[in-house]
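**Student:** I'd like to ask some things about the structure below.
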Amino acid sequence: MNFWIELLVSVLLVFGGLFVLVGSIGLVRLKDFYMRLHAPTKATTLGLGGILLASMVSISYQQGYMSIHELLITLFLLITAPVTAHILAKVAMHHRLKQIERTSNAHYVDRAREQRPPKDAE
């Protein structure tokens, strides 16, 4: 394999591995649900995205053509991970899951909890 391709694959793998490691540590160390939700979401999006990009580069160089499977997995991951995190955070907020004491902008959370969905005008 070409030196530059190996270097690119190695950098992408290290990048992805570091993000997954930081996200795993954040999941264990952070204090409340909202913070714990943020760390693995970023790790999944960036870490696994980097690992999948490394796989795409390596396989496409070895086989001579680019496989669409890894590209579709990466796109699916980039779309669904943030949406899932948003939905989980919104459900936790409406179920009044406790935050830590020093949460900044907590008054916005209280205001959002009181809002009701708009009624259909008929």
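To convert, take the position in the sequence shown, counting from 1, and add 505; that gives the numbering used here. Idealized CB from N, CA, C, for every residue including glycine.
(1) Name the two residues that bound the continuous alpha helix (DSSP H) containing Glu575.
(2) Are Arg541 and Leu553 closer than 7 angstroms when you measure CB to CB?
(3) If you run the structure through DSSP and keep just helix, strand and coil, what is Lys547?
(4) Just mark Leu556 as buried or exposed, buried being the case when its beta carbon has 16 or more other beta carbons within 10 Å.
(5) Which residue's Cα is closest to the Cα of Pro545: Met561, Ser565, Gly522 and Val596?
(6) Buried or exposed: Met561, going by 16 or more other Cβ atoms within 10 Å of its Cβ?
(7) Let me make sure I understand the geometry here. Which of Ala559, Ile510, Tyr570 and His591 has the alpha-carbon closest to that of Thr579?
(8) Within a Cβ cutoff of 6 angstroms, which residues of the same chain sit near Gln604, ignoring the five residues on either side of it in sequence?
**Tutor:** Let me spell this out:
(1) Walking along the sequence shown from the start, residue 575 turns up at place 70. First-last of the alpha helix (DSSP H) with Glu575: Ile573 to His599.
(2) By one-based count along the sequence shown, residue 541 stands at place 36. By one-based count along the sequence shown, residue 553 stands at place 48. No. Outside cutoff.
(3) Here the question's residue 547 lines up with position 42 in the sequence shown. In the structure shown, Lys547 sits in a helix (DSSP, three-state: H, G or I).
(4) Taking the sequence shown and counting its residues from 1, one reaches residue 556 at position 51. The question names Leu, yet the displayed sequence has Ile at residue 556. Buried: at least 16 other Cβ atoms inside 10 Å.
(5) Taking the sequence shown and counting its residues from 1, one reaches residue 545 at position 40. Minimum Cα distance to Pro545 is reached at Gly522.
(6) To locate residue 561, count along the sequence shown from 1; it is residue 56. Buried, by the Cβ-count rule.
(7) Within the sequence shown, numbered from 1, the residue matching residue 579 stands at position 74. Of Ala559, Ile510, Tyr570 and His591, the residue nearest in Cα terms is Ala559.
(8) Taking the sequence shown and counting its residues from 1, the one referred to as residue 604 is at position 99. Asp537.
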